[in-house]
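Sequential numbering from 26 applies to the sequence shown in my numbering. Beta carbons are placed, not taken as given, at the ideal position from N, Cα and C, and that holds for glycine.
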Amino acid sequence: MNGHFIQHQGGSSVLARWDARLRLVALLLLAFAFSAVTQLRTVPVMLAVTALFWGLSGLPFAYLLRRLRYPSLLVLCMAVGWLLAGGKTVWYQFGPITISREGVHAALLLMARFYCILTLAIAFLAVSPLLTIIDAMRALGIPFIMVDMALLMVRYLEVLKEDIHNMNVSMRLRGFRNKAWSLQTIKTKSWLAGSLLLRSYDRAEGIYKAMRLRGYGRQVKREKPAPSTIDWGGLVGSMAVVVAVFWLG
């Protein structure tokens, strides 16, 4: 499958050569540290660390912009909400709209944490194939059922997207015209969603039966090579960054 959900772009970059198990641990530690930041003075440190890891990933900046396009809509709406939420120190007022210093502080923190954490996640995960990340999650002791559910979800998102496209094309060929907020459009889209749900359920049941016939459920232990000294050094460096962020923020 050539879907964009599982493509990796990192090649042989420094971050791609880092052991995937330790890389996931470092990502979790950094994400928790960044999410706990409450002081704006820590934001430049977060941005510097994020830029450093993005440079080590070897990924083009255009790739990041494409991945941040849709999530940015959500975080910008949330930031505007915090910006207009009000506070004790009024910074700017235009009619009924009041912007406070506390609102600006909260909005900037929200955007900084969101973009830094998401950029790190893209940099750490996109440099390796999906199966490598799945194996690393299993090696870290995550229950195999959760790992397999994540794998199947990512695998069949592309199939679901193709089903939606085919059904929309089929409806248009039969004369359907998508008119916003019309009763006929809502009714047709509801039938489409119901049909897609039933088809997905039948496919999931068939996949589960096929997996059971092939022995699914019996865990097979795989020996993986121990991380190198350089890999451990990368984790120690990430932990030092986490401590510094907690100390500053």
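Do residue j and residue i come within 8 Å of each other at the CB atom, strictly closer than that value?
| i | j | result |
| --- | --- | --- |
| G259 | A131 | no |
| S82 | V179 | no |
| F139 | V100 | yes |
| L55 | V184 | no |
| L165 | L49 | yes |
| V68 | A137 | yes |
| L217 | M192 | yes |
| L84 | A148 | yes |
| T213 | M196 | yes |
If you draw a straight line from the C-alpha of residue i to the C-alpha of residue j, how long is it?
| i | j | result |
| --- | --- | --- |
| A45 | C141 | 20 Å |
| L176 | K234 | 17 Å |
| R92 | T75 | 15 Å |
| G128 | M103 | 11 Å |
| I189 | Q209 | 18 Å |
| A251 | L40 | 17 Å |
| A87 | M162 | 28 Å |
| M171 | S60 | 24 Å |
| R42 | L65 | 33 Å |
| A269 | A58 | 9 Å |
| L72 | W79 | 10 Å |
| I211 | S220 | 14 Å |
| V70 | F271 | 11 Å |
| S225 | L89 | 31 Å |
| T157 | K113 | 50 Å |
| F119 | L273 | 35 Å |
| M174 | R228 | 14 Å |
| M264 | L98 | 32 Å |
Would you give the residue range spanned by the alpha helix (DSSP H) that residue i belongs to?
| i | result |
| --- | --- |
| T144 | 126–150 |
| D44 | Careful: D44 lies outside any alpha helix (DSSP H) and carries neither H nor E. |
| F70 | In the sequence as displayed, the identity of residue 70 is Val instead of Phe. It spans 68–82 - the alpha helix (DSSP H) in which V70 sits, taken as one unbroken run. |
| R228 | 208–238 |
| A275 | For the chain, the structure presents residues 26 to 274; residue 275 sits outside this window and is missing. |
| F169 | 169–198 |
| F201 | Looking at the DSSP string, F201 is not in any alpha helix (DSSP H), and its letter there is neither H nor E. |
| L93 | 86–108 |
| A164 | 155–164 |
Give me the Cβ distance between residue i and residue j, rounded to the nearest whole Å; I'm assuming they're in contact under 8 Å.
| i | j | result |
| --- | --- | --- |
| L47 | D256 | 5 Å |
| V62 | L133 | About 11 Å separates the two Cβ atoms, so there is no contact after all. |
| L143 | P96 | 6 Å |
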